[in-house]
Amino acid sequence: MDYEIRPVRDDEWPAVRELRLAALRDGAAPIAFLETYEQALERPDGFWQDRARGASHGTSARQFVAIAADGRWVGTVVALVEEAGTEDFFGRPVRERQAQLVGVYVRPEARGIGVTEALFEAAVAWARGLEGLRRVRLHVHEDNARAEGFYRKFGFALTGEAVPNPGDPSKSDREMVLAEPRDVPQ
796 MDYEIRPVRD
806 DEWPAVRELR
816 LAALRDGAAP
826 IAFLETYEQA
836 LERPDGFWQD
846 RARGASHGTS
856 ARQFVAIAAD
866 GRWVGTVVAL
876 VEEAGTEDFF
886 GRPVRERQAQ
896 LVGVYVRPEA
906 RGIGVTEALF
916 EAAVAWARGL
926 EGLRRVRLHV
936 HEDNARAEGF
946 YRKFGFALTG
956 EAVPNPGDPS
966 KSDREMVLAE
976 PRDVPQ
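Following my numbering, the numbering of the sequence shown begins with 796 at its first residue and continues without gaps.
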């Protein structure tokens, strides 16, 4: 695979913005993301600067990107740390320190060649390297069979927990947890 997998740097906010906007134009965006292209497009530069800065260092969030040999960003995943005793994005109590994987996107031309797996390996290795964090989870829309298939192949399993999808409460986002620790490069 000819892609570099690494965390974003705090000054790379224009590329963070461009990749997010590309993700929100993808055909799966309505069931994969909790914001629209129009909402993201309206955000000021300061939002994107803060987003890149916050995901480039520290222990609360990390955004990983896949970069092609020509410098083009082709994929991303974000690991957000949820602390025990807080509430998650859906308003449910967090019982143990855990990571939630969000914002998964790989451009169509880079799908099916190992980019998504490499991004997930990096995010899981980072999360599991944090003190006291062993649980890694994500949520998948009930109609997103392609994503769920990848998550299962990677080792995630449905927990039986689900929450109403914020954009369409008649549908659910199902929780998946990484079933077994994976041997991933540190």
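Note that the Cβ used here is the ideal one computed from N, Cα and C, for glycine as well.
Terminal residues of the alpha helix (DSSP H) in which residue 805 lies
Taken as a continuous stretch (DSSP letters only), residue 805 belongs to no alpha helix (DSSP H), as it is neither H nor E.
Measuring CA to CA, which of 807, 952, 836 and 801 is closest to residue 818?
836
If you measure between the beta carbons of residue 861 and residue 797, is that distance less than 8 Å?
no
Comparing alpha-carbon positions, which option in 858, 962 and 969 lies nearest residue 825?
962
In the DSSP output, what is residue 951 paired with across the bridge?
973
Bounding residues of the beta strand (DSSP E) (the contiguous stretch that carries residue 1027):
The chain is shown from 796 up to 981; residue 1027 falls before or after that span and cannot be answered.
At what residues does the alpha helix (DSSP H) containing residue 997 begin and finish?
No answer is possible for residue 997: the residues shown for the chain start at 796 and end at 981.
Can we say the region 889-899 touches the region 863-874, given the rule of at least three CB pairs closer than 8 Å?
yes
Residue 842 burial status per 10 Å Cβ neighbour count (16 or more: buried):
exposed
My assumption, with CB atoms under 8 Å, is that residue 950 sits in contact with residue 973. Please give the rounded CB distance.
6 Å
First and last residue of the alpha helix (DSSP H) that includes residue 917?
910-923
Rounded C-alpha distance that separates residue 915 from residue 941
16 Å
Spatially closest choice to residue 821 from 809, 930 and 869, by CA coordinates
869
Can you tell me which of the three DSSP states residue 927 falls into?
coil
Are the beta-carbon atoms of residue 816 and residue 832 separated by less than 8 Å?
yes
Determine whether the beta carbon atoms of residue 851 and residue 919 lie at a separation below 8 Å.
no
Taking only the alpha-carbon atoms, compute the straight-line gap between residue 998 and residue 938 and give it to the nearest angstrom.
A question about residue 998 goes unanswered here, because the residues of the chain that appear run from 796 up to 981.
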